[in-house]
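Each residue of the sequence shown is one higher than the last, beginning at 15 in the working numbering.
Where a beta carbon is used, it is the ideal one built from N, C-alpha and C, also for glycine.
Since the model is a prediction, treat every value here as computed from it, not as a measurement.
These notes are about the structure you will find just below.
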Amino acid sequence: MANETGEITIVCNHCDRDIPALNIDLHRVHCARNLEKCKICGDMVPKKHADEHFLTTHAPVPCSMCKETIDREVFDSHVGETCLKRTVTCEFCEFPLPAVDLAEHQEVCGNRTELCYQCNSYVRLREIYNHETKCPGSVLNNVESSSRRNTRGAAAGDGNGRRRRDVNGVSNKRLFFTVAVTGIAVLMGSLFFQRKP
Numbered sequence: 015m016a017n018e019t020g021e022i023t024i025v026c027n028h029c030d031r032d033i034p035a036l037n038i039d040l041h042r043v044h045c046a047r048n049l050e051k052c053k054i055c056g057d058m059v060p061k062k063h064a065d066e067h068f069l070t071t072h073a074p075v076p077c078s079m080c081k082e083t084i085d086r087e088v089f090d091s092h093v094g095e096t097c098l099k100r101t102v103t104c105e106f107c108e109f110p111l112p113a114v115d116l117a118e119h120q121e122v123c124g125n126r127t128e129l130c131y132q133c134n135s136y137v138r139l140r141e142i143y144n145h146e147t148k149c150p151g152s153v154l155n156n157v158e159s160s161s162r163r164n165t166r167g168a169a170a171g172d173g174n175g176r177r178r179r180d181v182n183g184v185s186n187k188r189l190f191f192t193v194a195v196t197g198i199a200v201l202m203g204s205l206f207f208q209r210k211p
């Protein structure tokens with residue numbers, strides 16, 4: 015076989031590389047004595063570094079979070095996506111916690127309520143996105159009724175005997191109280207539902 019320069023080459027039966035015909039005997043001796051083919055990836059590795067190659071390239075890796083031994087090929091996806099001890103964030107309160115506890119935490123956290131200032135009703139956090147699109151007090155849902163509501167005046171009721179709350183009239187004390195109570199409830203819930211190892 016000839017290479018690009020026109021030099022005749024022979025394939026080494028140990029490393030499967032094209033070697034110039036003049037150097038093949040010397041190469042075969044050196045190759046057989048000093049190199050070995052990795053059984054996993056097929057790379058030629060110096061014999062004295064074969065164990066190091068296996069440990070740094072192919073050996074299973076212990077996960078520092080869950081202590082399981084994971085194949086190196088899937089280690090990154092394990093740490094980022096499947097490890098039960100990885101830290102994730104609650105979608106409702108943004109509290110960081112282990113993934114194994116997320117479903118239980120969100121079951122409690124998603125049942126907390128917040129006041130919708132547009133319709134003056136309390137809505138579960140897990141339902142807030144659907145509520146925002148269907149809220150009876152929403153501007154998008156009440157375009158034609160907004161002119162009627164404006165003619166009744168700000169002090170008019172909502173038809174059920176309740177007075178509508180002015181969005182800007184909410185006191186800072188009440189808002190602070192709501193945030194404090196919510197924070198305490200989340201903290202107590204996370205402590206109460208915390209799994210013991």
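Of the listed residues the options, nearest to residue i (C-alpha basis)
| i | options | result |
| --- | --- | --- |
| ILE54 | PRO60, THR71, GLU105 and GLY151 | THR71 |
| ASP30 | CYS45, CYS107 and GLU21 | CYS45 |
| ASN134 | GLY124, PRO150, ARG140 and ARG126 | PRO150 |
| ALA113 | ILE38, CYS97 and HIS67 | CYS97 |
| GLY56 | HIS28, LEU36, CYS80 and SER78 | HIS28 |
| PHE106 | GLU21, GLU95, THR196 and ASP65 | THR196 |
Residue i versus residue j - alpha carbon distance
| i | j | result |
| --- | --- | --- |
| ARG86 | TYR143 | 40 angstroms |
| GLU121 | LYS187 | 28 angstroms |
| ILE33 | GLU50 | 17 angstroms |
| LEU40 | ARG47 | 11 angstroms |
| PRO110 | THR147 | 28 angstroms |
| LEU201 | CYS104 | 13 angstroms |
| VAL43 | LYS61 | 14 angstroms |
| GLU66 | MET58 | 13 angstroms |
DSSP state of residue i mapped onto helix, strand, coil
| i | result |
| --- | --- |
| GLU21 | coil |
| GLU50 | strand |
| SER159 | Summary for SER159: the model assigns pLDDT 44, below 50, so the residue's position carries little reliability; its value from the coordinates is reported in the next sentence. Coil. |
| ARG31 | coil |
| LEU98 | coil |
| SER135 | strand |
| CYS123 | helix |
| MET79 | coil |
| GLU128 | strand |
| GLY173 | Confidence at GLY173 is low in this model, with a pLDDT of 43, below 50, so the placement of that residue should be treated as unreliable; the coordinate-derived value is given next. In the structure shown, GLY173 sits in coil (DSSP, three-state: anything other than H, G, I, E or B). |
Cβ neighbours of residue i in the same chain (closer than 6 angstroms, five flanking residues each side left out)
| i | result |
| --- | --- |
| THR83 | PRO74 and PRO76 |
Contact set for residue i: own chain, Cβ-Cβ below 8 angstroms, skip 5 residues either direction
| i | result |
| --- | --- |
| ARG138 | GLY124, ASN125, ARG126 and THR127 |
Same chain only: Cβ atoms within 7 angstroms of residue i, ignoring 5 sequence neighbours per side
| i | result |
| --- | --- |
| HIS145 | CYS130 and VAL137 |
Whole-Å CB distance - residue i paired with residue j, under 8 angstroms assumed
| i | j | result |
| --- | --- | --- |
| VAL102 | LEU116 | 5 angstroms |
Cutoff 8 angstroms: residue i Cβ touching any chain C Cβ
| i | result |
| --- | --- |
| PRO150 | The structure shown contains no chain C; it is built from a single protein chain. |
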